[in-house]
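Right, one structure below, let's go through it.
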Amino acid sequence: MIYICLTALYEDESDSDLGSMENHGSVVTHLLSQVKIGMDLTKVVLPTFILERRSLLEMYADSFAHPDQFVKIVDQPTPRERMIQVVRWYLSSYHAGRKSQVAKKPYNPILGEVFRCHWDLDGMPESNATNDKQEVGDGPVPWCSPDQLSFVAEQVSHHPPISAFYAEHVNKRIQFEAWVWTKSKFLGLSIGVHNIGKGTVTLLDTGEEYTLTFPNGYGRSILTVPWIELGGSVVIECVQTGHKANIEFLTKPFYGGKKHRVTCEVFAGADKKPYYTAQGEWNSRMDGRWTDSGRSEVLFEVSSMKARRKRVAPVSRQQAHESRRVWRHVTCALRAADCDAATAAKRAVEQAQRDAVKARDANGEKWNTL
383 MIYICLTALY
393 EDESDSDLGS
403 MENHGSVVTH
413 LLSQVKIGMD
423 LTKVVLPTFI
433 LERRSLLEMY
443 ADSFAHPDQF
453 VKIVDQPTPR
463 ERMIQVVRWY
473 LSSYHAGRKS
483 QVAKKPYNPI
493 LGEVFRCHWD
503 LDGMPESNAT
513 NDKQEVGDGP
523 VPWCSPDQLS
533 FVAEQVSHHP
543 PISAFYAEHV
553 NKRIQFEAWV
563 WTKSKFLGLS
573 IGVHNIGKGT
583 VTLLDTGEEY
593 TLTFPNGYGR
603 SILTVPWIEL
613 GGSVVIECVQ
623 TGHKANIEFL
633 TKPFYGGKKH
643 RVTCEVFAGA
653 DKKPYYTAQG
663 EWNSRMDGRW
673 TDSGRSEVLF
683 EVSSMKARRK
693 RVAPVSRQQA
703 HESRRVWRHV
713 TCALRAADCD
723 AATAAKRAVE
733 QAQRDAVKAR
743 DANGEKWNTL
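This is the structure in structure tokens:
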């Protein structure tokens, strides 16, 4: 029965977070009294009510909610157009990865935790209506078809916390791989998350590799209604073509100014003048301009982009180390607004991980990733 409950639970993406955050001000104030500015929050036990109902690994998967934008990279005829499509996909992925209007914290994945999923693309039948589809038989999601985008993420280190993930579309011959080490710090009235890592988009037919970095994240206004902000410099670069994009995620000034602003300049080779510029907000709309011709265009507009629902195996068919199976009791308790049950379930998951580490150490065993 619990697995049926969980299947419906993950299909329900309604945002019921706001009220719970506003009702726990005293708990947040008590928590803040226990930490100091600049303190590493990795080992700080945070109250359960600030948790989001998904693992960090699933949050990374949700950034691919516009799979068509990703696979369109290979359809562009020139290096310039391919670079701009990489930029378009990359910048539009951040709004797709956010499910709540309130900044909440996803579950910290346990060592060896895995999340798998795949997406349908435009022009192909829905997965759940296709029983005789061809399966790839290998890769991140062996049961998906060559015309679907597949994804797998794994927590490969616990101290420091490092996640690795990989996505591929077999027929389009495009891949993405990345690793991210998250470092959280207390900044007074906000929490900062430094995302250390690198990703690479690989086009197998052209041999092009686009390396990219990630912005920092900030949870602002943590005493009232927290909201997420991105900040910092990002570089996307293709060594094979010499094209490079410099992106700035601009944090909001204390007085005035807009939230979520982004600017971008794209260069070819050693040129000092960008051939393309873009600006706007990553969570709403960005406008681009080809500088040689002066032609302007909408780089992307969130309101007109359809987010694809990811396809995930039912919890009853998942292995013990898969994200939704690992955190199933926490997720059910959070959805029922039962913080005590959620806290108990979370502690049980964490204690099981500590026990597993002790057992491996006692037997002289080393942890092996997938």
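Sequential numbering from 383 applies to the sequence shown in our numbering. Yeah, the Cβ is synthetic: ideal placement off N, Cα and C, and Gly gets one too.
Annotation: Leu585 to Asn628 spans about 21 Å, alpha carbon to alpha carbon. Your pair His448 and Arg690 checks out as a contact, with CB atoms roughly 7 Å apart and the cut at 8 Å.
Secondary structure remark: continuous beta strand (DSSP E) runs of at least 3 residues inside the segment 517-587, in chain order: 531-539, 544-551, 556-568, 573-585. Going by DSSP, Arg717 is part of the alpha helix (DSSP H) stretching over 710-717. By the Cβ-count criterion, Glu536 is buried, with 16 or more other Cβ atoms from all chains shown falling within 10 Å of its own Cβ. Unbroken alpha helix (DSSP H) stretches of 4 residues or longer found wholly inside the segment 643-668: none.
In the assembly as shown, Tyr600 is a buried residue. Its beta-carbon has 16 or more other beta-carbons within 10 Å. In the three-state reduction of the DSSP assignment, Asn750 falls in the coil class. For Leu681, the enclosing beta strand (DSSP E) starts and ends at 678-683. Counting of Cβ neighbours within 10 angstroms places Asn745 among the exposed residues, the total staying below 16. The beta carbons of Lys634 and Glu611 sit closer together than 8 Å.
Remark: C-beta atoms of Gln622 and Gly589 approach each other more closely than 8 Å. Annotation for Met441: Gly479, Pro488 place their beta carbon closer than 7 Å to its own, counting only its chain and skipping 5 residues before and after.
Two segments are said to touch when three or more pairs of C-beta atoms, one from each, lie closer than 8 Å; by this definition the segment 520-536 does not touch the segment 564-583. With fewer than three CB-CB distances shorter than 8 Å, the segment 666-673 does not count as touching the segment 692-703. Judged by DSSP in its simplified three-state form, Asn745 adopts helix. In the displayed model, Lys486 falls within coil according to three-state DSSP, outside both helix and strand. For Val496, the uninterrupted beta strand (DSSP E) segment begins and ends at 496-501. Val731 has its alpha-carbon roughly 11 Å from the corresponding atom of Ala738. Distance between Asp587 and Arg462, taken at the CA atoms: about 16 Å. DSSP places Phe596 outside both helix and strand once states are collapsed to three, so it counts as coil. Each residue's CA atom was taken as its position, placing Thr659 and Val644 some 11 Å apart. Note that the C-beta distance between Ser437 and Trp709 is below 8 Å. About 17 Å separates the Cβ atoms of Ile455 and Val616, ruling out a contact at the 8 Å cut-off. From the listed residues Ser532, Ser527, Cys526, Gln733, the smallest Cα separation to Asp444 is found for Ser532. The Cβ neighbour count for Ser686, taken over all protein chains shown within 10 Å, is under 16; the residue is labelled exposed. Counted as a single uninterrupted DSSP element, the alpha helix (DSSP H) harbouring Ile466 occupies residues 461-478. Taking 8 Å as the upper bound for CB-CB distance, Glu495 and Pro522 are not in contact here, some 15 Å apart. Under the 10 Å beta carbon count, Pro524 is surrounded by fewer than 16 other beta carbons and is classified as exposed. Secondary structure note for Glu434: its beta strand (DSSP E) is the uninterrupted segment 433-437.
The Cβ atoms of Asn577 and Thr564 sit closer than 8 Å to each other. Beta-bridge pairing by DSSP links Leu612 to Gly599. Secondary structure at Ile618: strand, using DSSP grouped into helix, strand and coil. Rounded to whole angstroms, Cys646 and Ala734 show a C-alpha spacing of 45 Å. For Phe636, there is no enclosing beta strand (DSSP E), as DSSP marks it with neither H nor E.
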